[in-house]
Amino acid sequence: MLSIKTKYQNGILFVRLKGELDQKTKDKFQKNVTDVVKRTGITNLVINLNNVTKIDLEGISELFSNYRLVNRYKGNSFICGINERISANIKNSSILSFIPEINNEENAMRVIKWMK
């Protein structure tokens, strides 16, 4: 099961995930995040993984898809809240060489504001 909460503030889409981001839930992520980014042309994205209990290669691939979309619009993407349950899968993938990890949403907002 995956719960997705989004908040658009100061030109940034904050995505807060809870549960499992994997092959079974990737369609829900696409519908609630990827499609919104495509439709609206959002240029700044912060994905909070603090409450994610499981992530697999399909879930990581979805994160990368959104990075590529935002990057196409000359925007910024960040990941925050990598917890112990998913740390190994995230760190063993190459996702952090594309999407920077930042410690929390507030700092991501500061960095994005500074980059403008």
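Sequential numbering from -11 applies to the sequence shown in my numbering. Beta carbons: idealized from backbone N, C-alpha and C, even for Gly.
Item, Value
"Could you pull out every residue in the same chain whose Cβ sits closer than 6 Å to the Cβ of Lys6, ignoring the five residues on either side in sequence?", "Ser(-9) and Asn39"
"Smallest Cα separation from Ser85: which of Lys42, Glu46, Ser65 and Ile100?", "Ser65"
"With distance defined between alpha-carbon atoms, name the residue in Asn95, Gly47, Leu51 and Lys26 nearest to Glu8.", "Gly47"
"Indicate the three-state DSSP secondary structure (helix, strand or coil) for Gln11 in the structure shown.", "coil"
"Looking at the unbroken beta strand (DSSP E) that takes in Tyr(-4), where does it start and where does it end?", "Leu(-10) to Gln(-3)"
"Are the CB atoms of Asn54 and Val21 within a distance shorter than 8 Å?", "yes"
"Mind checking which residues open and close the beta strand (DSSP E) that includes Ile74?", "Careful: Ile74 lies outside any beta strand (DSSP E), inside the alpha helix (DSSP H) at Glu72 to Asn80."
"Can Leu37 and Ile70 be called in contact, C-beta distance under 8 Å?", "yes"
"Might you give, ordered along the chain, the residues of its own chain that have their beta carbon closer than 8 Å to the beta carbon of Lys(-5), omitting 5 neighbours on each side?", "Leu1, Phe2 and Arg4"
"Straight-line CA distance for Glu72 to Arg56?", "26 Å"
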